[in-house]
Structures are given as structure tokens and as C-alpha cells.
Amino acid sequence: MRLKSRSHNYSNFPMGFYFVFLVVVIVFPFRLEASTLHRNLREINGSISNRRIDDETVFPIHDSEAQVIPQASTKANEKNETRRKLKCHCDVCKETNNICETTGYCFTSKTIKDGQEILQYRCLDEDPIFPSFVFTWCMPADPILGYKAHPVTKIGGHGCCKNEDLCNKKLEPEIWDYRIPDKPKIYDKEAENPNPVTNYALIVLIVVASIACICVIFVLVTSFQGRLKNSGSRQILPEDSMCDPNVPILPGKSIRDLIEMTTSGSGSAGLPLLQQRSIARQIQLIDVIGKGRFGEVWRGKWRGEMVAVKIFSSREESSWFREAEIYQTKMLRHENILGFIAADNKDNGTWTQLWLVTDYHEHGSLYDYLTIRIVDVKTMMGMALSIATGLAHMHMEILGTHGKMTVDDYMGKPGIAHRDLKSKNILVKSNLTCAIGDLGLAVRHNVKNDSVDIPSTDRVGTKRYMAPEVLDDTIDITQLDAFKRADVYAFGLILWELARRCDIGGKYDDYQLPFFDVVQPDPTIEEMRKVVCVDRQRPIIPNRWDSSDTLRGVSKVMKECWYSNPSSRLTALRIKKTLDNIRNDTINIINA
1 MRLKSRSHNY
11 SNFPMGFYFV
21 FLVVVIVFPF
31 RLEASTLHRN
41 LREINGSISN
51 RRIDDETVFP
61 IHDSEAQVIP
71 QASTKANEKN
81 ETRRKLKCHC
91 DVCKETNNIC
101 ETTGYCFTSK
111 TIKDGQEILQ
121 YRCLDEDPIF
131 PSFVFTWCMP
141 ADPILGYKAH
151 PVTKIGGHGC
161 CKNEDLCNKK
171 LEPEIWDYRI
181 PDKPKIYDKE
191 AENPNPVTNY
201 ALIVLIVVAS
211 IACICVIFVL
221 VTSFQGRLKN
231 SGSRQILPED
241 SMCDPNVPIL
251 PGKSIRDLIE
261 MTTSGSGSAG
271 LPLLQQRSIA
281 RQIQLIDVIG
291 KGRFGEVWRG
301 KWRGEMVAVK
311 IFSSREESSW
321 FREAEIYQTK
331 MLRHENILGF
341 IAADNKDNGT
351 WTQLWLVTDY
361 HEHGSLYDYL
371 TIRIVDVKTM
381 MGMALSIATG
391 LAHMHMEILG
401 THGKMTVDDY
411 MGKPGIAHRD
421 LKSKNILVKS
431 NLTCAIGDLG
441 LAVRHNVKND
451 SVDIPSTDRV
461 GTKRYMAPEV
471 LDDTIDITQL
481 DAFKRADVYA
491 FGLILWELAR
501 RCDIGGKYDD
511 YQLPFFDVVQ
521 PDPTIEEMRK
531 VVCVDRQRPI
541 IPNRWDSSDT
551 LRGVSKVMKE
561 CWYSNPSSRL
571 TALRIKKTLD
581 NIRNDTINII
591 NA
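171 is the number that the UniProt record's numbering gives to position 171 of the sequence shown; each next residue is one higher, with no gaps.
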């Protein structure tokens, strides 16, 4: 079963196709250039070999021919007359004071005869000597390198120039030293760069730059495709029938149906692993709805149903594994605990994503809800009771057996403590009841050895909601009950947040976090220890609450959650029963 992405049409092709295409488009022209250069070199070698260069001179220029320099056709002569004539040094032009004129080039040749170097200076017309299909091996005049010319044969060399009058007097042709010469250039001050780079060097430079560009483009395309795969527009290919959203995994019509069919009577807390992966790979991500230190939370869609996808960064793998493990604890599933759907690790080719799929609640967290909304008495009691019910279910240890009752055959639900209970980790459902989420820091009771299963992570709970015994480090981490009592303390603070936003007779308070008036927005453990442990401060209860039987009863419960002595605090089950009684009394008063 393979999963592929079709974010856009061009993403159907493999990355190798793009890489080969870029190599062909960019490098092929330079291979043509190299082939052309190689062909021209063969033509030059053939041209030079056809002109017999004997041991006497490079070109057959004799004294008797000094005044008879080869001329072009009549039309060429007429054209040259309109151009400025170049004066050159001529060693055989005695009648014109050793000066000749031409519309072509000044020429200098060097030959060796009997160990002696012989220099000859002449004028050469451009058209017959330098046709367009043959280049002449002449080095340009260079102020640093001097007036040097490329060699032609073992016994002779020549150079030519046209940058100034009598420029050939400065030329110093070199004798061939068995090196392969570069492609020559004819120096023209008006048309050429005074410091040109040879063609071979230029080709090497261009090829190296092209390879670098290909590498950069390859990295950019790979990165861009990685973003597309996470842009929320994932689609499944037809051949991936196991991942097609239209092909049912089981005959159920919704996620809830699947969970009920696979968990009914089994005590399981989630779908089988294969079904989890199938669901996770059919989800289409839509948009980001939250961010945290672990990663991001996305809103996704599966078969028309909205789901929440918590995407952990790869460095948070231990947190992802721990939270998925806790959610799948036997018999943990409860209407007031965030519904777990699936967990999957997804490799998109560039990096690995760790997905945790849960129920989606459009109202967001309790913190988000209370920040922008107020609640009436009935809604407040429904929210408070649902949180207490979910917490009581987590804390409760449910006994169960498989055959003979032994520790090894234990099949019940272990007691679980949350350790990071706060309004931001509680979700508001569509019916305005609540569900507890974010179980990444939760601890479990290990029945086999009567110990506490504590996650191996550097994360700690939220400092503002830490109980006194956690702040002063006196908590007994070997006892699960100690962690449960710390949860109860945090629940009392959440109850205070709820009560402040309760509208009684048109009066309510602005939303604030606990201890907003005594600590900074992100307090340190030292600050919270001083406020909670040393000064023994607790959130202030407004006087207006005394005018309401409901708020007065709720304030009594929260005070009993705040005791400095952990053993004096109410249990989650006791809180649930007390709040249920207060809610019933409130409903009776409303209906009276």
C-alpha cells in the first residue's frame, strides 16, 4: 500500500524527472559548444597543414612580395577604402620608410634558422588572410603580460594586432613548446574585452556554475514539494484502494461507528493499528487551529467529518508516543475525555511527521471560550460537572480479570493522573460540556509492581497551576494519589475561572488567569512558590458570589480544593457528586 500526493499536477512526476530535465536543458548547450570548438580546431589544424610551413618561414612572404600583399576582390577593395587604414611596421618597405598601410592587421612572424631568431614585419589584409570560418591564433596586447603571441610551429610563431599604428613592433611571437594552445582571439580594442577569458576556462566556469544552479534548484523543488504535501490538499491515488476515502474500512458510516464496532465489549480505548493508519492517511488537512511547544494542531477532514490533527515535531517523538499510549489505555474512553481516533508517523520524503488524530471541537479550549464569552448558571454547572466527571474517570482504577484473577492477568483500567490540568487543555464540546485533553504528561499506576509509570520527558506542568507540594518539591512521586491531589488543586483554579464568567443578574467579571494580580504572565517557579507556598495566597473570591446560592456552593468546593495539605483536599469523585447536587438544586430553582 503506497501513499502518494497530488497537490498539483506536476507533483505526479518523481523528483528524478525534474533533475534529469534540468541537467539536459542546462548542460546540453555547453556540450554543443564543446563539440563546435573541437570541430573548429580540426578545421584549423587541417588548414594550417594544407599551407605548407617550411623551415624557412611561417608564411611564404618573400622580399619580392613586399609590395604585392594579397588583395581581395574589387568589391572588397571598395569597401576597405571607406575604412581607416592601419599603419604597420614593414621590414622590407624601404621606399615607404618601413611603413605599410592596410585595412586588415599588422603582422609579426618569428622563425628559427641555424639557431638564430628571425623577425619579419608585414601588413596583412583582413579578408583573404582571416576568413570568417578560420580564426587566427593571435594574442591581444596586454599591459601586464606584454605583447605576446601564440606559437604555431616548432620553428616559428606569428602574431597580429590592430589596436594601434605600428603595434606589430611590440609583438613578440613565441615558439611552440608542445603545449596545446587555447582557442585564439584577435585583439580589437573597440570590440573585445581587454582582459578576455579563454573559451575553455569560460566553459569550465559555466559548467561549474550550472551544476551549482542545478543543486540549488533541486533543493528548492524538494522543499517546495514538501510544503505541498503538508498544505492540506492531500489526495489519494486510485490505485491506493486501502487509502481511498470512498472505500469503507468497515461497514460503519462514521468514526464513531467504527470505534463502537471495534471497541464494544473489548475494553479497548481505540481502533486497531491498521485502521488507525488507514484513517490517518485519508485525512485532508485544512488549516492550523493552534500551536504549542510540541508542534501544531490542524483542522482536518475525513469522509466529511472534521477531526483535529496534532502534529508533533520529530524531536518530540517521546511526547507523541507517550500521549498516544495513554489515550489507548484500556477502558479510558469516556465522553468527558477527548476522543482519541488514530496515531501515525508519516514520512513525506523530507522529514517525519508524528500525527495524533482526535475529535474536533469547534469551540476550542475552555480558555478560548471564556475569553470571549460569558456563561449562565446552568451552562457553568454543566461545564464544571463534566470536567469533574472526566477527571474522576481518569483517577478511578477499574478492576477487571481475564480468567483467574492474578496480577499478570489484570485487564482493568489503571488509575491515571493528568499532571497538566488547566483551562487550555480542556475542550468545549458542541453541547457546551467539556472534555479533558493533552495527556502527554499523564502518569499511570502500574498494578504489577505497585509503582507509578512516569514519562521520561523534560516537560513539566504549567507553573501557574502547580500545587504547593509540586512547587516546593515535597510531593511523593512514588504514590499515584499524590499526583491525583495535585490535579484536584488545579481543578479548583479552573472552577474559579468558570465562576468569574458566570452571569448573575447581569453581573460578571472579565476573564483572567489565576493569580493574574500577583504574578507576571509567564511566572517562574520561584515566583509561584513565594505566592502559593510562602504567602499562602489563593485567587480572590468576589463578594457578589455570596448573593447566589450556586456560586456560594461552587466557591466552597474550590476552597476545599486549594488546601495546602494535600490529604485535606476533596477527591475527584467527591467533587463530582457535590457539583451534581449543586446543579440539581440550581435547575430546580430555575424551573420553580
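Quick reminder that beta carbons are idealized off the backbone N, C-alpha and C, glycines included.
Rounded C-alpha distance that separates residue i from residue j
{"i": "R574", "j": "M396", "result": "12 Å"}
{"i": "V207", "j": "V216", "result": "14 Å"}
{"i": "V288", "j": "G300", "result": "9 Å"}
{"i": "W320", "j": "N588", "result": "45 Å"}
{"i": "R464", "j": "V375", "result": "24 Å"}
{"i": "V309", "j": "W355", "result": "6 Å"}
{"i": "T350", "j": "E296", "result": "18 Å"}
{"i": "L391", "j": "C213", "result": "58 Å"}
{"i": "H158", "j": "G115", "result": "18 Å"}
{"i": "T474", "j": "S564", "result": "12 Å"}
{"i": "R293", "j": "E316", "result": "9 Å"}
{"i": "I99", "j": "C90", "result": "5 Å"}
{"i": "R333", "j": "A435", "result": "11 Å"}
{"i": "A482", "j": "I590", "result": "39 Å"}
{"i": "L171", "j": "L220", "result": "52 Å"}
{"i": "V488", "j": "S430", "result": "25 Å"}
{"i": "D368", "j": "G382", "result": "17 Å"}
{"i": "F312", "j": "Q353", "result": "6 Å"}
{"i": "D546", "j": "L441", "result": "37 Å"}
{"i": "S365", "j": "T371", "result": "10 Å"}
{"i": "D359", "j": "G437", "result": "10 Å"}
{"i": "D472", "j": "I286", "result": "44 Å"}
{"i": "D427", "j": "A384", "result": "At residue 427 the sequence reads Leu, which differs from the Asp that was named. One C-alpha to the other measures close to 12 Å."}
{"i": "E469", "j": "E305", "result": "43 Å"}
{"i": "R552", "j": "Q512", "result": "20 Å"}
{"i": "D509", "j": "D522", "result": "22 Å"}
For residue i, the first and last residue of its enclosing alpha helix (DSSP H)
{"i": "Y367", "result": "L366 to I372"}
{"i": "I525", "result": "I525 to R529"}
{"i": "K94", "result": "Where K94 is concerned, there is no enclosing alpha helix (DSSP H), given that its DSSP letter is neither H nor E."}
{"i": "A324", "result": "E317 to Y327"}
{"i": "T358", "result": "Where T358 is concerned, there is no enclosing alpha helix (DSSP H), although the beta strand (DSSP E) it sits in stretches over T352 to D359."}
Cβ-based burial, residue i [other Cβ within 10 Å; buried from 16]
{"i": "S223", "result": "exposed"}
{"i": "P238", "result": "Only weak support is given to the placement of P238: the predicted model assigns it a pLDDT of 34, under 50, and the question is left unresolved by the model."}
{"i": "S567", "result": "exposed"}
{"i": "N168", "result": "buried"}
{"i": "S314", "result": "exposed"}
{"i": "I477", "result": "exposed"}
{"i": "L205", "result": "exposed"}
{"i": "C160", "result": "buried"}
{"i": "R583", "result": "buried"}
Among the options, nearest to residue i - alpha-carbon criterion
{"i": "A467", "options": "K162, R538, C160 and L366", "result": "R538"}
{"i": "residue 671", "options": "V534, D580, R536 and E526", "result": "In the structure displayed, the chain extends from 1 to 592; residue 671 sits before or after that span and is not available."}
{"i": "R322", "options": "D165, H418, M380 and E362", "result": "H418"}
{"i": "M554", "options": "I494, P521 and I525", "result": "Here the sequence assigns Val to residue 554, which means Met is not the residue at that position. It is I494 whose Cα lies nearest to the Cα of V554."}
{"i": "G290", "options": "E362, E164, H334 and N345", "result": "E362"}
{"i": "L432", "options": "V452, Y489, G461 and L498", "result": "L498"}
{"i": "T102", "options": "E164, K110 and P414", "result": "E164"}
{"i": "F515", "options": "K507, T96, W496 and L202", "result": "W496"}
{"i": "K422", "options": "G412, A388, I398 and S451", "result": "A388"}
{"i": "D585", "options": "L124, K556, K378 and Q120", "result": "K378"}
{"i": "D344", "options": "I337, M394 and Q282", "result": "Q282"}
{"i": "Y121", "options": "P173, N446 and E526", "result": "P173"}
{"i": "R501", "options": "R529, R536, I326 and P542", "result": "P542"}
{"i": "A490", "options": "N425, A592 and R544", "result": "N425"}
{"i": "G339", "options": "E325, D347 and V357", "result": "V357"}
{"i": "A446", "options": "I525, A324 and K413", "result": "Note that residue 446 is Asn in the sequence shown here, rather than Ala. The shortest Cα separation from N446 among I525, A324 and K413 belongs to K413."}
Residue interval of the beta strand (DSSP E) (run including residue i)
{"i": "H89", "result": "L86 to H89"}
{"i": "N121", "result": "According to the sequence as given, residue 121 is Tyr; it is not Asn. Note, Y121: beta strand (DSSP E), Q116 to L124."}
{"i": "G295", "result": "G295 to W302"}
{"i": "G290", "result": "Q284 to K291"}
{"i": "V307", "result": "E305 to F312"}
{"i": "I387", "result": "Per DSSP, I387 belongs to no beta strand (DSSP E); it is in the alpha helix (DSSP H), V377 to H395."}
{"i": "Y105", "result": "Y105 to K113"}
{"i": "F516", "result": "Looking at the DSSP string, F516 is not in any beta strand (DSSP E), and its letter there is neither H nor E."}
{"i": "I426", "result": "I426 to V428"}
{"i": "A342", "result": "F340 to D347"}
{"i": "I504", "result": "Premise fails: I504 is in no beta strand (DSSP E) and is neither H nor E."}
{"i": "C167", "result": "No beta strand (DSSP E) holds C167; DSSP gives it neither H nor E."}
{"i": "C100", "result": "I99 to T102"}
For this session: Would you mind listing the alpha helix (DSSP H) stretches within the segment 536-575 that are 4+ residues and don't spill past its ends, in chain order?
Result: 549-561
For this session: Note down, one range per segment and in chain order, each alpha helix (DSSP H) of at least 4 residues found wholly within the segment 435-486.
Result: 468-471
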